[in-house]
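> All the letters of the sequence shown, read from the start, carry residue numbers 410 to 571 under my numbering.
We put the beta carbon where it would ideally sit given N, CA and C, even for glycine.
What you are looking at is a predicted structure, and each value in this text was computed from that prediction instead of being measured.
This structure is in structure tokens; I'll ask about it shortly.
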Amino acid sequence: GVIDAGGGAAYYETDNYNFQKFDANDPETAPRGYLIRTNYSFSGEENKGYGYIRYTIALDILASKYKNGKISFEFLTNDVPRCLIHSFTNTDLTKSLPRNKQEDDYVFFPDYIPRYSTSAAVVIQGIKENESANLTTMWTILGFPPTSVVILVWLLDDGTLL
């Protein structure tokens, strides 16, 4: 996806020969004012591929938190990429944690938002009108989101990262 300093935002799906643009500012494309993507292709073949189960839970938890047109970065960095609810089975792994350190429990992560192969999560916070582009913030979770921390990154005028 891309954002610009004027509030524009879009997501692009690509294949080997084509691309499809999804404009987050288009009310037909994003009626709630945001786009959700979980490696699920909206422009590809229907009912094929992966990510639609993860998309469903992401859609549900965002819709439940979306109030007054605002979603906090805390919610987007703490709750969404670390959500352990499976939308198809309604399993919530946070409700079945081991009772003590002596109990082991191994869980396969096929269709939770954080998959076993998830290596990062990123939230880009744009700026308001007339704000400096230096205030654009990238909230980055490097590594498996349930076991990692959030790192803030800013781009300085000289192109270096802070």
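1. Could you give the residue range of the alpha helix (DSSP H) that holds Leu-471?
2. Mind checking which residues open and close the beta strand (DSSP E) that includes Phe-431?
3. Return the chain-ordered list of same chain residues with a C-beta closer than 6 Å to the C-beta of Tyr-525, the five sequence neighbours on each side being excluded.
4. Which residues does DSSP list as the beta-bridge partners of Lys-479?
5. Compare the Cα-Cα distances from Thr-503 to each of Gln-511, Trp-548, Cys-492, Phe-497 and report the closest residue.
6. Quick one: what does DSSP say Leu-527 is sitting in, helix, strand or coil?
7. Kindly give me the distance between the Cβ atoms of Tyr-475 and Arg-441, rounded to whole angstroms, as I take these residues to be in contact under 8 Å.
8. Quick one: Cα of Gly-453 to Cα of Lys-510, how far?
9. Alpha carbon to alpha carbon, how far is Thr-500 from Val-532? Give it in angstroms, no decimals.
10. What three-state label does DSSP hand Asp-501 in the structure shown?
11. In angstroms with no decimal places, state the Cα-to-Cα distance between Ser-496 and Asp-435.
12. Buried or exposed for Ala-467, going by 16 or more other Cβ atoms inside 10 Å?
13. Look at Leu-561 and Thr-546 and say whether their C-beta atoms are less than 7 Å apart.
For this structure:
1. Unbroken alpha helix (DSSP H) run through Leu-471: 461 to 474.
2. Here the beta strand (DSSP E) through Phe-431 covers 428 to 432.
3. Here the set comprises Phe-518.
4. Lys-476, per the DSSP bridge assignment.
5. Ranking Gln-511, Trp-548, Cys-492, Phe-497 by Cα distance to Thr-503 puts Cys-492 first.
6. The sequence as given places Thr at residue 527; Leu does not occur at that position. Residue state, collapsed to three classes: coil.
7. Contact between Tyr-475 and Arg-441 holds: CB atoms are separated by about 6 Å, below the 8 Å threshold.
8. If I take the Cα positions, the gap works out to 45 Å.
9. In a straight line, the C-alpha of Val-532 is about 26 Å away from that of Thr-500.
10. Of the three classes helix, strand and coil, the one that applies to Asp-501 here is strand, per DSSP.
11. Cα-Cα distance, rounded: 27 Å.
12. Result: buried.
13. Against a cut-off of 7 Å, the Cβ pair of Thr-546 and Leu-561 comes out as a contact.
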